[in-house]
Amino acid sequence: MPAQTDIALPQKVSHPSTFPVTGMSCASCAASVETILSKVPGVHSVSVNYANTTAQVDFDPVLISAEELRSAVQAVGYDLLIDVEDPDAVQEELKEEAYQTIKQRTLWAAVFTLPVFFIGMFFMEWEAGRWISMPLAAVVLFWFGRHFYVGAYKQARHGTANMDTLVALSTGIAFLFSVFNTVYPEFWLSRGLAPHVYYEAATVIIVFISLGKLLEERAKSNTSSAIKKLIGLQPNTVRALVDGQEVELPVADVQVGQILIVRPGEKIPVDGKVTEGESFVDESMITGEPVPVRKADGEAVFAGTVNQRGSFRFVAEKVGGTTVLASIIRMVREAQGSKAPVQKLVDKIASIFVPVVIGIAIVTFIAWMLLGGEDAFSHALLASVAVLVIACPCALGLATPTAIMVGIGKGAENNILIKDAESLELGHRVNAVVLDKTGTITQGKPSVTAEHWETGGDVPIAIGTIKSILKAGESRSEHPLATAVVDWLKEEDVAPAKVTDFESLTGRGIRFTHDSATYFVGNERLMTEQKITLGTTLRQHADELRQQANTVIFVAREKETLGLVAISDPIKESSARAIRQLHDRNIAVYMLTGDNEQTAAAVAKQVGLTDYRAEVLPADKAAFVQDLQQQGKIVAMVGDGINDSQALATADVSIAMGHGSDIAMDVAKMTLITSDLTAIPRALELSKITVRGIRQNLFWAFIYNLIGIPIAAGLLYPINGFLLDPMIAGAAMALSSVSVVANSLRLKSIKL
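Here full-length UniProt numbering is used: position 512 in the sequence shown is 512, and no number is missing along the way.
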């Protein structure tokens, strides 16, 4: 047998990188950049996101360099920023610059349009007015509105059309036709026709569509504020033990295995395990639960969580990009970045409508030239311009934004703040709602919910006296549940007694002395250790309260129990009603919580839920949302904490509670400024009403075109000699705009 020779196949070299992209003005631009980059030899995969203005490129650095990628993109009119130290900062700067640029363009376009509009509407026969309007309109169209023409040119180069094409075409033709009629009116007058001008129509279109672009850019400029706040959760410096000495280091220099020191009130810098000391740590950013968790030797701690009163040392186990906080930041960024913007309905329509209109205008011109007789050219020109003017996108451009603006206003009236149109358009399709427990279904604040006292022991004691002693003892405790007890007793205006010999019993409760008697306040474990017997009635009360998701604290004097206090996170009054309303709409409702199984089951039962998950981490919540999406569901996520931010960013529709964290509200597309959960079904109903209004608006925007375009082309001329004047075409266009606005305003009267 011939000897076999192993041939080493060349390995695929992968170098995934993210580059900021400049020059994109619409989703089609992102598609163009993606297409160009994907055709470059050595590029394995490309994903361009218009909302985040980034390109994620996986390429072989041996075959292609980043500079060559940039050259390929520059060849089609865009740019790729390479070798930047802080891509996030660069993107933020670019978005802010783009927003400010569009803001200035829109403002000045409106200023220049105002006199043109008044002249065109009220002094249309004033000869000098035409000469005043012409330069003003030229500035609006070709300076403040030049991006529409640039965008239309880029689309044409790639054989596509969108809203920019329609804007550029109609305004450009209207302007050129108006210039001709201003400079050489005799051409029409000698033929018995009036030389109308359309400067005001062209400029108003530019202003309206620019306003829409401004609102879109404003939404884009805010997309990464949540990322900034998440990054801000991690401290910049940390105290570490180096050669037995305590030194301050940048958090970026921390190495795995180093011993770090955390003092009261400080944020934990990296993930690790406690080696010395103990404290309570607020982990609500990870678990969502409001009660801080006790940390002692061997317990895990996580970056970004906040230490409470104690101090401890811990060994660093995960640093840099491997911490739980870094994972949350990465997943939120990926979830936001993976959402390709919804292709606007008007762009979809325009991609078909524009070529059709151009085709009709050309056919109209040719038909009149061939069949028009003596005044063939005049009629051909008038008819083709009338077709383009009546197809003007003013009403089309107003159809969606006017309904959206009314919908957003209607939402605000009902305590629903809506950040972008996408969620409002998508909400009516939601068929699965995922609810966080703490702070969403519940109030998010532990409080005393029940009390039971046994005062007839060997030495009778008044309930008021027990409460006075209890307040004194709990006031000295560091435990977060003690705060709930103290707050409750403050509300009852209980004065604290005098206590001595206070001692905190870690993980069990407290011990102190009052009037020569020893008192114990804590859990059942403490009672067992002190050989304090719980009576049958007291134990029965405790078991019932635990089944209702309460934490039970016992109060004892010497060897006898005096009673108990139950603490829980109360369920909002509106939770069960809101869930029932969602079920009535055939919407599946799920509850996710970082709390334990027993508490989750009790809360789910009280609000009428059968689908819930307990002890879930932030990544688990996001994964659960993705699982539902893979099942074909349109998912709305409702949460209030940092721990919900990944799931909120992943969901199709994200809703934050207004009392929650800033990060949750930044990530979410809707915010409820009320604790009433019935605002959720109202938000979905608002979406349904708004989308219905958009569809009606599009009908009114097109009905004039469907009727007017054939008439403008001269369909009635062979029958009755009627030829639609471009001025009448402009009036029809204005009427369609009025119809759209009136229909949108009608939505304000509808009750949710």
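Note that CB positions come from ideal geometry on N, CA and C, so glycine has one too.
Alpha carbon of residue i to alpha carbon of residue j, nearest angstrom
| i | j | result |
| --- | --- | --- |
| residue 516 | residue 251 | 51 Å |
| residue 305 | residue 104 | 42 Å |
| residue 430 | residue 403 | 20 Å |
| residue 685 | residue 428 | 7 Å |
| residue 42 | residue 65 | 9 Å |
| residue 470 | residue 444 | 24 Å |
| residue 754 | residue 147 | Any question about residue 754 goes unanswered here, given that the chain covers just 1 to 752. |
| residue 524 | residue 94 | 60 Å |
| residue 687 | residue 677 | 16 Å |
| residue 55 | residue 23 | 13 Å |
| residue 642 | residue 279 | 22 Å |
| residue 122 | residue 656 | 49 Å |
| residue 72 | residue 671 | 42 Å |
| residue 650 | residue 622 | 6 Å |
| residue 487 | residue 496 | 12 Å |
| residue 337 | residue 267 | Confidence in residue 337 is poor, its pLDDT being 47 and thus under 50, which makes the residue's placement unreliable; the coordinate value appears in the next sentence. Whole-angstrom Cα-Cα distance: 28 Å. |
| residue 639 | residue 408 | 21 Å |
| residue 67 | residue 74 | 10 Å |
Cβ-heavy atom distance, residue i to the ligand PLP, below 8 Å
| i | result |
| --- | --- |
| residue 515 | This structure does not include the ligand PLP; it has no bound ligands of any sort. |
CB-CB length for residue i against residue j, believed under 8 Å
| i | j | result |
| --- | --- | --- |
| residue 174 | residue 198 | 4 Å |
| residue 383 | residue 712 | 6 Å |
| residue 538 | residue 452 | 7 Å |
| residue 297 | residue 281 | Actually they do not touch by this definition, with Cβ atoms about 14 Å apart. |
| residue 271 | residue 323 | 5 Å |
| residue 372 | residue 380 | 6 Å |
Extent of the continuous beta strand (DSSP E) to which residue i belongs
| i | result |
| --- | --- |
| residue 260 | 259-262 |
| residue 129 | That residue, residue 129, is in no beta strand (DSSP E); its alpha helix (DSSP H) goes 127-139. |
| residue 453 | 447-453 |
| residue 242 | 237-242 |
| residue 567 | 560-568 |
| residue 502 | 500-505 |
| residue 295 | 293-295 |
| residue 279 | 279-282 |
| residue 754 | Shown here, the chain extends from 1 to 752; a query on residue 754 therefore has no answer. |
| residue 655 | 653-657 |
| residue 520 | 517-522 |
Whether residue i touches residue j by CB criterion (9 Å)
| i | j | result |
| --- | --- | --- |
| residue 210 | residue 178 | no |
| residue 603 | residue 442 | yes |
| residue 315 | residue 260 | yes |
| residue 269 | residue 234 | yes |
| residue 705 | residue 391 | yes |
| residue 416 | residue 750 | no |
| residue 636 | residue 653 | yes |
| residue 748 | residue 363 | no |
| residue 504 | residue 478 | yes |
| residue 284 | residue 440 | no |
| residue 593 | residue 567 | no |
| residue 432 | residue 680 | no |
| residue 21 | residue 81 | yes |
| residue 164 | residue 172 | no |
| residue 76 | residue 112 | no |
| residue 418 | residue 426 | no |
| residue 519 | residue 508 | no |
| residue 554 | residue 526 | yes |
| residue 714 | residue 368 | yes |
| residue 589 | residue 434 | yes |
| residue 811 | residue 318 | The structure shown does not extend to residue 811, since the chain is modelled only from 1 through 752, so no value can be given for it. |
Continuous alpha helix (DSSP H) stretch holding residue i: start and end
| i | result |
| --- | --- |
| residue 416 | From DSSP, residue 416 is part of no alpha helix (DSSP H) but of the beta strand (DSSP E) over 416-418. |
| residue 642 | From DSSP, residue 642 is part of no alpha helix (DSSP H); its letter is neither H nor E. |
| residue 250 | That residue, residue 250, is in no alpha helix (DSSP H); its beta strand (DSSP E) goes 245-250. |
| residue 693 | 679-712 |
| residue 754 | The requested residue 754 is not part of the displayed model; the chain covers only 1 to 752. |
Candidates the options, of which the one nearest residue i by Cα
| i | options | result |
| --- | --- | --- |
| residue 739 | 703, 272, 637, 20 | 703 |
| residue 542 | 558, 531, 565 | 565 |
| residue 575 | 601, 554, 597, 609 | 609 |
| residue 536 | 513, 561, 530, 519 | 561 |
| residue 696 | 204, 53, 626, 742 | 742 |
| residue 204 | 584, 114, 246, 633 | 114 |
| residue 597 | 572, 422, 549, 716 | 549 |
| residue 136 | 399, 124, 667, 116 | 116 |
| residue 143 | 109, 510, 127, 414 | 109 |
| residue 570 | 559, 580, 693, 545 | 545 |
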